[in-house]
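Q: To start, I am sharing the structure in question, which I have written as structure tokens.
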Amino acid sequence: MPWSGTDDWDKAFVVCAGVAVSAAVLWGLCHAVVERRLICKAILAFIKGLSTCRSKKNQAEVKYLDEQVALEKKNLAQKVFFVFLCLAVYNLATILYNVFMERPRWMSTGGCWLLAIGTIVLLLAHVPSMLSVRSVDFWSALLQLFVIAFTSPLATSVDEAFISAVGLFMVVCLPAAACTTRSCVLLFSQFLFVLASIARVVIDDEEFKLASQCSQLNNPTTYVVCHLCFVPLAFCVSHWAHQLMKNRIIARFRETKSNTQLSAATALLDLTCDAVVELNGDLRLVSHSSKLAAVLLRNRPGATMEGTKFTDLVAPTDFERVTELLRRDSGGRTYATAFRMHLVDSCASKFQTEVFQVKYTTAGGQKRHIIGLRDCTDLQPLAVEHDTSSADQSMIRRSNSVSRQLSELSEVQVTNSVSEDFLPAMRQSLSRSSFSSNRSLFGTERVERLSDRVDRVDRVDRAERPEQSEQRERSVKIKHKDAFLEIDPEEELVKCASAPFSDLAGQKLSEISFSNFALQTCQRLCRDAKAFNSSFSTQGTEVKFPLPDQIATFDNMPLLTAPRLVEATGLMKVCCTDLGSLHVVICVRQRRISSNVANSPESPRGSSRSEWPCSLYAQGCQHLR
Numbered sequence: 014m015p016w017s018g019t020d021d022w023d024k025a026f027v028v029c030a031g032v033a034v035s036a037a038v039l040w041g042l043c044h045a046v047v048e049r050r051l052i053c054k055a056i057l058a059f060i061k062g063l064s065t066c067r068s069k070k071n072q073a074e075v076k077y078l079d080e081q082v083a084l085e086k087k088n089l090a091q092k093v094f095f096v097f098l099c100l101a102v103y104n105l106a107t108i109l110y111n112v113f114m115e116r117p118r119w120m121s122t123g124g125c126w127l128l129a130i131g132t133i134v135l136l137l138a139h140v141p142s143m144l145s146v147r148s149v150d151f152w153s154a155l156l157q158l159f160v161i162a163f164t165s166p167l168a169t170s171v172d173e174a175f176i177s178a179v180g181l182f183m184v185v186c187l188p189a190a191a192c193t194t195r196s197c198v199l200l201f202s203q204f205l206f207v208l209a210s211i212a213r214v215v216i217d218d219e220e221f222k223l224a225s226q227c228s229q230l231n232n233p234t235t236y237v238v239c240h241l242c243f244v245p246l247a248f249c250v251s252h253w254a255h256q257l258m259k260n261r262i263i264a265r266f267r268e269t270k271s272n273t274q275l276s277a278a279t280a281l282l283d284l285t286c287d288a289v290v291e292l293n294g295d296l297r298l299v300s301h302s303s304k305l306a307a308v309l310l311r312n313r314p315g316a317t318m319e320g321t322k323f324t325d326l327v328a329p330t331d332f333e334r335v336t337e338l339l340r341r342d343s344g345g346r347t348y349a350t351a352f353r354m355h356l357v358d359s360c361a362s363k364f365q366t367e368v369f370q371v372k373y374t375t376a377g378g379q380k381r382h383i384i385g386l387r388d389c390t391d392l393q394p395l396a397v398e399h400d401t402s403s404a405d406q407s408m409i410r411r412s413n414s415v416s417r418q419l420s421e422l423s424e425v426q427v428t429n430s431v432s433e434d435f436l437p438a439m440r441q442s443l444s445r446s447s448f449s450s451n452r453s454l455f456g457t458e459r460v461e462r463l464s465d466r467v468d469r470v471d472r473v474d475r476a477e478r479p480e481q482s483e484q485r486e487r488s489v490k491i492k493h494k495d496a497f498l499e500i501d502p503e504e505e506l507v508k509c510a511s512a513p514f515s516d517l518a519g520q521k522l523s524e525i526s527f528s529n530f531a532l533q534t535c536q537r538l539c540r541d542a543k544a545f546n547s548s549f550s551t552q553g554t555e556v557k558f559p560l561p562d563q564i565a566t567f568d569n570m571p572l573l574t575a576p577r578l579v580e581a582t583g584l585m586k587v588c589c590t591d592l593g594s595l596h597v598v599i600c601v602r603q604r605r606i607s608s609n610v611a612n613s614p615e616s617p618r619g620s621s622r623s624e625w626p627c628s629l630y631a632q633g634c635q636h637l638r
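Mapping the sequence shown onto the working numbering, position 212 (from 1) lands on 225, and the numbers just tick up by one.
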């Protein structure tokens with residue numbers, strides 16, 4: 014009986030080991046049967062890759078990847094050699110300490126000399142230009158040759174041969190194999206490793222037989238077979254390291270390519286749109302956008318729009334539609350859409366905006382939106398919205414009609430009396446730029462009365478002069494979009510401004526060449542508003558601050574926008590803030606670059622006063638009283 018000489022513990026071990034091996038083999042067979050298609054595809058792909066010739070494009074890509082992998086292996090070799098140098102110096106210091114203390118050395122004399130030579134070689138490897146991409150294979154092979162020398166009779170005895178070979182292979186040969194770029198160099202090193210083991214077994218045959226009587230690990234057959242097993246293990250480590258570095262380079266390349274494409278898309282949107290923002294999965298702004306803040310009149314000092322929900326900036330009538338378009342499932346792919354909606358600024362004014370959206374997924378799995386916003390109130394939309402309903406199309410037609418009427422306003426010439434052409438300009442300019450959600454520049458009833466008067470004047474004017482009206486509509490061209498500035502006459506400060514004057518917000522009037530005559534006109538408007546409000550006081554009690562229908566017009570007023578002077582033409586009107594103070598709102602209808610040089614000593618403050626006449630109009634005050 015083969016089990017007659019074994020005890021119970023050995024029998025139990027044999028049973029458990031047999032069950033474990035049988036279970037592992039059975040699991041491998043079942044897995045191979047289940048994944049047979051995938052295994053066959055992988056084998057066919059490997060054979061096809063070896064048999065077919067690669068295209069020039071693939072060859073260029075493979076060459077680039079090989080160069081980057083070689084560079085990664087060179088960097089890894091530098092780190093590995095530094096660790097080996099530290100270990101070698103530590104071992105040398107230990108041996109020197111034992112020698113000085115007259116203690117027995119734990120290494121033979123030959124091993125000490127090999128360690129000293131190896132330390133010098135590692136120091137040479139750290140010299141600049143000694144370890145490069147081309148020489149990394151040489152240093153890797155040299156390192157493995159030192160391992161062969163350490164396992165030779167010069168450094169180790171037969172009793173220590175097996176333990177030394179296994180330890181040095183795991184610590185030195187495997188990292189050196191991971192740094193090798195050529196398979197032939199690795200094969201040559203491992204072949205020498207096996208050849209050296211066979212040569213030692215042949216030379217020290219008698220010593221191996223004596224040592225094997227003490228331990229089976231010192232058996233010559235075990236020693237040679239162990240070295241033969243080192244060869245496939247070294248190739249596996251080299252292949253795994255190569256694939257790991259290659260995959261990391263591909264991932265880095267894809268990330269760089271994705272960032273480049275995203276930057277290109279953002280730059281293109283920035284060139285076309287007034288503002289470009291990035292939204293997260295909750296439709297909140299990832300970072301602050303100064304351009305969007307200027308468009309929405311939120312460019313206050315210290316204010317930020319980071320974390321603001323984008324749908325909170327949308328008009329209530331477009332809230333559901335915009336939310337649905339932004340949250341539409343893309344099926345995991347990147348896609349772009351364009352649609353139109355209405356934004357609401359800080360003064361509760363609605364204006365039509367064209368939206369260009371790109372939705373994508375980051376490498377971390379986060380949803381992102383790149384949004385380009387373009388104010389198309391008085392401009393022709395760039396894209397056609399394909400999924401608009403009939404109600405949206407009617408709204409778009411009405412918006413286009415309003416845009417055509419606004420285009421007529423850019424050709425209106427301001428006179429010194431309230432003409433019929435000025436009424437639509439006043440109605441549309443002020444209705445577009447309401448500067449408070451609770452208080453408008455006119456009261457609601459006054460705006461309705463004024464709108465009725467304007468409509469009657471328009472109908473009479475078109476009935477009497479149809480040919481002139483049609484000719485004027487055909488000749489209309491949009492020169493500039495209206496710009497707005499809010500002036501505080503008491504502090505002589507620009508409170509807020511819209512594009513392209515957004516840089517003037519927070520500056521003193523003296524810094525932007527705002528003349529004394531213009532400041533006096535603003536102060537006069539505020540004084541008239543206070544006097545007009547005092548007439549509504551009854552028995553010492555004042556009502557909500559009413560405003561007179563006074564509008565001042567100006568031509569070629571200089572405004573300093575670095576680095577040039579700009580001559581502006583437009584309107585100014587007094588308004589009431591939420592805190593009850595009086596400010597003046599300036600609407601710039603036309604502007605042109607002045608021929609005067611900015612910051613010139615020959616052009617002091619108020620020097621161009623005669624170039625921009627200012628007129629003051631009062632409308633409907635007696636009627637309101």
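Beta carbons are placed, not taken as given, at the ideal position from N, Cα and C, and that holds for glycine. Remember, predicted model here, so these are calculated numbers, not experimental data.
For the beta strand (DSSP E) containing GLY583, name the first residue and the last one.
A: It spans 577-589 - the beta strand (DSSP E) in which GLY583 sits, taken as one unbroken run.
Q: Taking the alpha helix (DSSP H) that GLY519 falls in, what are its first and last residues?
A: No alpha helix (DSSP H) holds GLY519; DSSP gives it neither H nor E.
Q: Does VAL146 come out as helix, strand or coil in the three-state DSSP assignment?
A: Coil at VAL146, not helix or strand.
Q: Work out the CA separation of GLN533 and ALA544 for me, nearest whole Å.
A: Taking the straight line from one Cα to the other gives about 16 Å.
Q: What does the Cβ neighbour count give for TYR103, buried or exposed, with the cut at 16 atoms within 10 Å?
A: TYR103 comes out exposed.
Q: May I ask which residues mark the beginning and end of the alpha helix (DSSP H) holding GLY180?
A: Start and end: 171-181.
Q: To which residues of the same chain is THR317 closer than 8 Å at the C-beta, ignoring the five residues directly before and after it?
A: Around THR317: HIS301.
Q: In terms of DSSP beta bridges, what is MET120 paired with?
A: Answer is none; MET120 lacks a bridge partner.
Q: Locate the alpha helix (DSSP H) running through THR234, then write down its first and last residues.
A: It spans 233-285 - the alpha helix (DSSP H) in which THR234 sits, taken as one unbroken run.
Q: Mind checking whether THR330 and GLN365 have CB atoms under 7 Å apart?
A: Cβ distance not < 7 Å, so THR330 and GLN365 don't count as in contact.
Q: How about LYS270 and VAL82: are their beta carbons less than 7 Å apart?
A: No.
Q: Any heavy atom of the ligand GDP closer than 6 Å to the CB of VAL38?
A: Although the ligand GDP was asked about, the structure shown includes no ligands whatsoever.
Q: Determine the extent of the beta strand (DSSP E) in which THR566 is found, giving its start and end residues.
A: Its beta strand (DSSP E) spans residues 563-574.
Q: Less than 7 Å between C-beta atoms, sequence neighbours within five positions excluded: which residues of the same chain meet that for ASP283?
A: For ASP283, where only same-chain residues beyond five positions count, the Cβ hits under 7 Å are VAL289.
Q: Assuming ALA288 is part of the beta strand (DSSP E), what are its boundary residues?
A: Looking at the DSSP string, the run of the beta strand (DSSP E) that includes ALA288 is 288-292.
Q: Could you tell me which of LEU199, GLU291 and ASP541 sits nearest to LEU660, measuring between CA atoms?
A: Shown here, the chain extends from 14 to 638; a query on residue 660 therefore has no answer.
Q: Do the CB positions of ASP295 and LEU386 come within less than 7 Å of each other?
A: No.
Q: Run through DSSP, which three-state label would GLN536 get?
A: GLN536 falls in the helix class under three-state DSSP.
Q: Restricting to Cα atoms, I'd like to know which of ILE262, PHE527 and THR321 is closest to LYS76.
A: Considering only alpha carbons, the answer is ILE262.
Q: Indicate whether at least one CB of chain B lies closer than 7 Å to the CB of ARG353.
A: Within the model displayed, chain B is absent; a lone protein chain is all it includes.
Q: Can the beta-carbon of ALA496 be found less than 7 Å from the beta-carbon of SER515?
A: Their beta carbons are not under 7 Å apart, which means ALA496 does not touch SER515 by this criterion.
Q: Rank VAL140, GLY180, LEU517 and VAL171 by C-alpha distance to the C-alpha of ASP217 and give the top, closest one.
A: Ranking the options by Cα distance to ASP217, first place goes to VAL171.
Q: Reducing DSSP to helix, strand and coil, say where LEU498 ends up.
A: LEU498 falls in the strand class under three-state DSSP.
Q: Let me check one thing: in DSSP terms, what residues is THR374 bridge-paired to?
A: Paired residues: LYS380.
Q: Short check: CB of LEU167 to CB of GLY123, under 7 Å?
A: Cβ atoms of LEU167 and GLY123: closer than 7 Å.
Q: By how many angstroms is the C-alpha of ALA33 removed from the C-alpha of VAL27?
A: Rounded to the nearest angstrom, the two C-alpha atoms are 10 Å apart.
Q: State buried or exposed for PHE243, treating a residue as buried only when at least 16 other CB atoms are found within 10 Å of its CB.
A: With 16 or more Cβ atoms within 10 Å of its Cβ, PHE243 is classed as buried.
Q: What distance in whole Å lies between the Cβ atoms of VAL214 and PHE221, which are believed to be in contact at a cut-off of 8 Å?
A: With 8 Å as the limit, PHE221 and VAL214 qualify as a contact, their Cβ atoms being about 6 Å apart.
Q: Work out the CA separation of VAL140 and VAL134 for me, nearest whole Å.
A: Distance between the alpha carbons of VAL134 and VAL140 is about 10 Å.
Q: Who are GLU367's beta bridge partners in DSSP?
A: Beta-bridge pairing links GLU367 to ARG353 and ARG387.
Q: Can you tell me whether LEU639 is helix, strand or coil according to DSSP?
A: What is shown of the chain runs 14 to 638, which leaves residue 639 out entirely.
Q: Return helix, strand or coil for ARG334, following the three-state DSSP convention.
A: If DSSP states are grouped into helix, strand and coil, ARG334 belongs with the helices.
Q: Let me know if ALA565 comes out buried or exposed under the rule of 16 or more other beta-carbons within 10 Å of its beta-carbon.
A: Buried, because 16 or more other Cβ atoms sit within 10 Å of the Cβ of ALA565.
Q: In whole angstroms, give me the CA-to-CA distance for SER225 and THR169.
A: Computed Cα separation, rounded: 16 Å.
Q: Among the residues of its own chain, which have a CB less than 6 Å from the CB of GLU367, if the five just before and after it don't count?
A: Closer than 6 Å at the Cβ level, and outside the excluded window around GLU367, lie ARG353, ARG387, CYS389 and PRO394.
Q: Give me whichever residues DSSP pairs with LYS322 in a beta bridge.
A: Answer by DSSP bridge pairing, in chain order: ARG297.
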